[in-house]
Structures are given as structure tokens and as C-alpha cells.
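**Q** What follows is a single structure, and I will ask about it in a moment.
In UniProt numbering, the protein residues as written are 1 to 248.
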């Protein structure tokens, strides 16, 4: 992995809140906040890491296990790309525990699953958001066979459509070790970012995650590591640490 960026957190009720109300978009609510600057640094590091690739238009965010913050990181990094003037599409590819619709206050009646089952076309489910330049495709109704749908030709067609209509496509994907969804998505994406959480992510799980992604021939761009902050930020219900560490 090329880089590592550290965020802080408090674990109180964060997971339940993200499922019910979506994730906190600090980059939109307070773009001058130190945390927003951290997310912009993550965006820049992704771009630097991607410079060695032929292309890096579709970026997938994942984690080892559940509740490690991948949805928070993917949504906020997507916002920073939009704020930089890119035309961005955030796709909720977590068809088991979706959050994107809640984050952006949308219904989840149509989305990825209705496209993959042939009930909708991509341009019928894409939705603009309150963030300029940022559109989303929510997950749609939770299906009984997520892996099969994500491995379908229609998923490839959906991403081809997204490539042709947006500058950057961000995928909020399921955890690597929980299900096989990420492995089937890897060939359809250009790069992968792993989100981890200090105090929760086990070293053995992270090592296995990297092994699985390498077996799938993923281009791992780096990792975002959320660490417990020394000083909380009551305004957001959880605090953030600050720091950057470069990995060889």
C-alpha cells in the first residue's frame, strides 16, 4: 500500500446512526474544518497513487469487516472531488447494508438492484444531490443474491455508462472478508482504498484482506486508518485525530 492516512473517532452509536440516518458529511457541513482538510488530503493521495496507473476513474472503498467507516470515508472523499470541480457519481454497491440513500436524504425504491435486474436504466435511477457536481445511485431494494447481481454483465454495463457520463465514479462496497461481493467487483474497477479502524480492525484481518484483493488482482491505492482522537469534537458526535504517515 502506498499511503496511510489516520482519522480519529468515537465509537458511540456511530454504526446505528449511519444505518438509520446516513453518515456525517463534514466536508459539506464545514468545508474549512480540519477533518475536511484531511479528506482533501486523502483525495490528493489517491490521485498521486493513481498517477502510476493507465487510468483511475472508478475507485472502490472497502474494509475488512463491518462498521469500520468505509461509507463515511467514501462519501466524504466523493464530496471533496465534487468540490474540486469534478463531475462525481457515488454508487452504493453495498447491497446488504446500504447507507448512501440515507446520507443524501433519498428514497431507496430504485437504484443499483433495479438496474441489475433489468427494471430500470442507469439514467432513470441516478439522482442529483444537495452537493454541486455530485450525483448518486442508491442501492435500491436489498436483493437475495447480491454477489450474483454484482458479477453480472449489467453491472459492467452500469459502470461503463458511469465512465462515459462522469469524471470520477466512487463505489461504496461491502467488506472484503464478510462476503464475496468485492472480489467480483475488482475487475470492474481501477483502484481500491481500504478503510480500517484502530481498536477494531485486527492485523490478521487486514493481512487477509490484502491477500484477497491481491488474488483478485486489485490495484490497492492505499488505506485510510481511523484512530481514536485525544480531543473529541462534540459538534459531530465523534472526534477525529490528525496525522499523516507515509508507507513504503
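For each residue, glycine too, the CB sits at the ideal point set by N, CA and C.
Keep in mind that this is a model prediction, so the values were computed, not measured.
Quick one: residues in its chain with C-beta nearer than 6 angstroms to the C-beta of residue 170, no 5 flanking neighbours on either side, listed in chain order?
**A** Excluding five sequence positions before and after residue 170, the CB atoms of its chain that fall closer than 6 angstroms to its own CB belong to 59, 74, 78, 90, given in chain order.
**Q** Please name the residue in 114, 213, 215, 176 whose C-alpha comes closest to that of residue 68.
**A** 176
**Q** I'd like to know whether the C-beta atoms of residue 71 and residue 206 end up nearer to each other than 8 angstroms.
**A** no
**Q** When DSSP labels each residue in this structure, what does residue 48 get in the three-state scheme?
**A** helix
**Q** Which one of 105, 126, 99 has the shortest CA to CA distance from residue 111?
**A** 126
**Q** Give a yes or no on whether the C-beta atoms belonging to residue 221 and residue 186 are separated by under 8 angstroms.
**A** no
**Q** On the three-state DSSP scale, how would you describe residue 97?
**A** coil
**Q** Within the same chain, show all residues whose beta-carbon is closer than 6 angstroms to that of residue 140, passing over the 5 residues directly before and after it, in chain order.
**A** 110, 111, 112, 113, 114
**Q** Could you check the C-alpha separation between residue 105 and residue 23 for me, to the nearest Å?
**A** 11 angstroms
**Q** Applying the criterion that 16 or more other CB atoms from any shown protein chain within 10 Å of the CB defines a buried residue, is residue 182 buried or exposed?
**A** Burial call: buried.
**Q** Would you mind giving the Cβ-Cβ distance between residue 42 and residue 224, rounded to the nearest angstrom? I have them listed as a contact below 8 angstroms.
**A** 6 angstroms
**Q** Name the one or two DSSP bridge partners that residue 110 has.
**A** Residue 110 pairs with nothing; no bridge assigned.
**Q** Can you list, in chain order, the residues of its chain with a C-beta nearer than 6 angstroms to that of residue 92? Leave out the 5 residues immediately preceding and following it.
**A** 98, 100, 138, 139, 172
**Q** Can you give me the Cβ contacts of residue 216 inside the same chain, cut-off strictly under 6 angstroms, excluding the 5 residues immediately before and after it?
**A** 183, 186
**Q** If you draw a straight line from the alpha carbon of residue 174 to that of residue 62, how long is it in whole angstroms?
**A** 6 angstroms
**Q** As a quick exercise: from 204, 25, 66, 81, pick the residue whose alpha carbon is nearest that of residue 102.
**A** 25
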